[in-house]
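Numbering (the numbering used here), first residue to last: 107 to 552. First comes the structure, then the notes that go with it.
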């Protein structure tokens with residue numbers, strides 16, 4: 107087996123074990139059950155928001171220490187955090203205990219950056235597309251198996267909801283043990299790039315001496331490589347965000363991600379609020395359907411989008427799909443039938459997978475430097491800021507809106523609809539303006 111494939115397989119097994127958490131589809135069901143001394147309103151307004159704020163506060167810090175510590179220590183720390191989270195959920199029963207868990211969960215979510223970026227520091231660039239698909243597929247498979255296992259165990263009444271935590275904490279222990287087998291990373295993009303630059307420059311010099319024509323490329327490439335970490339970070343940031351296309355797609359990415367995180371965080375609270383809630387919740391089956399549809403839609407996005415749509419057409423299609431996403435969210439919260447709510451949520455998840463894949467592809471194609479992790483990390487940070495604003499305005503009691511959970515989701519639905527309408531108007535206006543400019547340009551040339 108080739109070394110890059112071996113490393114990819116090792117990381118994918120970790121990703122699978124990390125996502126093998128059958129308690130996730132029933133998290134709200136468990137917290138609002140007989141095992142915890144909290145009300146539904148406390149879970150909605152006092153527990154989940156802590157995780158959102160924690161994720162925001164820790165994301166940039168985790169991104170920087172991931173590069174500084176060269177990935178593997180953060181991956182190990184992330185697995186240890188997972189053990190702490192689901193281990194604590196087994197024995198705690200108080201509001202304060204659940205809020206402490208959410209603080210750790212913020213770090214657990216932020217730690218995904220180490221999982222996704224580790225592989226890029228270990229394999230050659232020519233394998234990036236393959237290893238990216240491998241690592242994301244591993245996460246999908248982990249979620250899929252977790253959903254199937256959860257629904258099977260609950261449906262067959264082999265365990266109660268809370269006992270699913272035992273499986274989740276066991277998978278985190280397995281992920282921790284497996285993480286120690288991951289090869290050590292010698293180089294990173296910002297804080298440990300000097301020796302790599304020297305080696306790369308030496309190879310380039312040797313190659314140029316043979317070819318006798320490209321010595322200038324080394325001289326041009328070396329100055330940026332010799333920059334201190336903070337200056338290199340700023341150089342990449344400035345280069346990316348002075349590109350109008352990067353700004354355009356980054357805004358879309360952040361705004362869309364904020365809505366997605368808010369909906370996935372609170373959707374289970376909506377289902378728990380239905381009057382006709384089934385005896386056995388089908389959350390596991392819904393997660394399975396959502397994962398499968400998301401995987402299919404992501405693949406379709408890559409197939410239909412690659413070289414087939416212009417940037418303007420892509421943006422217009424995203425705007426129209428955003429309106430559809432809002433419609434799906436409305437279906438999930440305005441219906442009296444919980445099964446239609448399940449359907450609306452699954453369709454929304456599939457559409458989001460399509461749109462976020464296109465946005466990510468457009469962003470990646472607009473970046474000229476090795477700044478993918480920085481740009482996507484910063485865009486996620488902006489998305490979390492927007493999510494925190496949504497949480498404070500819509501969910502928090504301090505805003506005094508006093509919206510119930512169904513009304514909150516109606517706000518999120520119109521959030522997507524308004525985004526779609528605004529982007530549609532912007533794209534159409536831009537197109538009309540460019541058409542009106544053509545005759546003037548022709549007259550000037552004549």
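Using N, Cα and C, we set each Cβ at its ideal position, and we do this for glycine too. Predicted, not measured: the structure shown is a model, and the values here were computed from it.
| Distance CB(residue 380)-CB(residue 462) smaller than 7 Å | no
| field | Outcome for residue 181 when other beta-carbon atoms lying within 10 angstroms are tallied against a minimum of 16 | value | buried
| query | Between the C-alpha atoms of residue 265 and residue 197, what's the straight-line distance to the nearest angstrom? | reply | 17 Å
| In its own chain, which residues sit with a C-beta less than 6 Å from the C-beta of residue 210, not counting the 5 before and 5 after it? | 187, 190, 191
| Using 7 Å as the limit for Cβ to Cβ distance, is residue 511 near chain B? | Going by chain labels, chain B is absent from the structure shown, which holds only one protein chain.
| task | Kindly list the residues whose CB is nearer than 8 Å to the CB of residue 454, restricted to its own chain and excluding five residues on each side of it in sequence; keep chain order. | result | 369, 431, 434, 435, 438
| Buried versus exposed call for residue 389 [16 or more other C-beta atoms within 10 Å across all chains shown] | buried
| task | Enumerate in chain order the residues of its own chain whose CB-to-CB distance from residue 322 is below 6 Å, with the five nearest sequence positions on each side excluded. | result | Its pLDDT being 40, under 50, residue 322 is placed unreliably by the model, and nothing is read from it.
| request: Go ahead and label residue 506 buried or exposed: buried means 16 or more other beta carbons lie within 10 angstroms of its beta carbon, across all protein chains shown. | output: exposed
| query | Helix, strand or coil: how does DSSP classify residue 228 here? | reply | coil
| field | Cβ shell of residue 132 (< 8 Å), same chain only, five flanking positions each side left out | value | 256, 260, 267, 270, 374, 387, 389, 390
| task | Return the CA-CA distance between residue 418 and residue 355, expressed in angstroms with no decimal places. | result | 11 Å
| Pick from 366, 223, 515 that is closest to residue 553, judged by C-alpha positions | Only positions 107 to 552 of the chain appear in this structure, which leaves residue 553 out of reach.
| request: Could you have a look at residue 288 and say whether DSSP puts it in helix, strand or coil? | output: coil
| task | State the CB to CB distance for the pair residue 542 and residue 422, rounded to an integer number of angstroms; the pair is presumed to be in contact (CB under 8 Å). | result | With 8 Å as the limit, residue 542 and residue 422 do not qualify as a contact, their Cβ atoms being about 18 Å apart.
| task | In angstroms with no decimal places, state the Cα-to-Cα distance between residue 458 and residue 222. | result | 20 Å
| field | Integer Cβ distance of residue 428 from residue 522, believed to fall under 8 Å | value | 5 Å
| Which value, in whole angstroms, describes the spacing of the CA atoms of residue 76 and residue 200? | For residue 76 there is no data in the structure shown, the boundaries of the chain being 107 and 552.
| Roughly how many angstroms separate the alpha carbons of residue 394 and residue 540, rounded to a whole number? | 45 Å
| field | contact_flag[the region 272-280, the region 160-168] where n(CB pairs < 8 Å) is 3 or more | value | no
| Outcome for residue 372 when other beta-carbon atoms lying within 10 angstroms are tallied against a minimum of 16 | buried
| task | Note down, one range per segment and in chain order, each alpha helix (DSSP H) of at least 4 residues found wholly within the region 117-173. | result | 133-137
| request: For residue 466, I'd like the list of residues in its chain whose CB is within less than 8 Å of its CB, leaving aside the five on either flank, ordered along the chain. | output: 359, 482
| task | Answer yes or no: do residue 489 and residue 364 have a C-beta to C-beta separation smaller than 7 Å? | result | yes
| query | What are the uninterrupted segments assigned as alpha helix (DSSP H) that are 4 or more residues long and contained completely in the region 215-280, given in chain order? | reply | 218-224, 234-261
| Between the Cα of residue 231 and the Cα atoms of 448, 110, 154, 245, which residue gives the shortest distance? | 110
| field | Under the three-state DSSP convention, the category residue 184 falls into | value | helix
| task | Alpha carbon to alpha carbon, how far is residue 202 from residue 143? Give it in angstroms, no decimals. | result | 10 Å
| query | Three-state secondary structure (DSSP) at residue 177? | reply | coil
| query | Thinking just about the alpha-carbon of each residue, which of 362, 464, 245, 336 is nearest to the one in residue 485? | reply | 362
| field | Assumed close pair residue 284, residue 119 - CB separation to whole angstroms, cut-off 8 Å | value | 6 Å
| request: Pick helix, strand or coil for residue 342, following the three-state DSSP scheme. | output: helix
| request: Could you check if residue 258 is buried or exposed, using at least 16 other CB atoms within 10 Å of its CB as the buried criterion? | output: exposed
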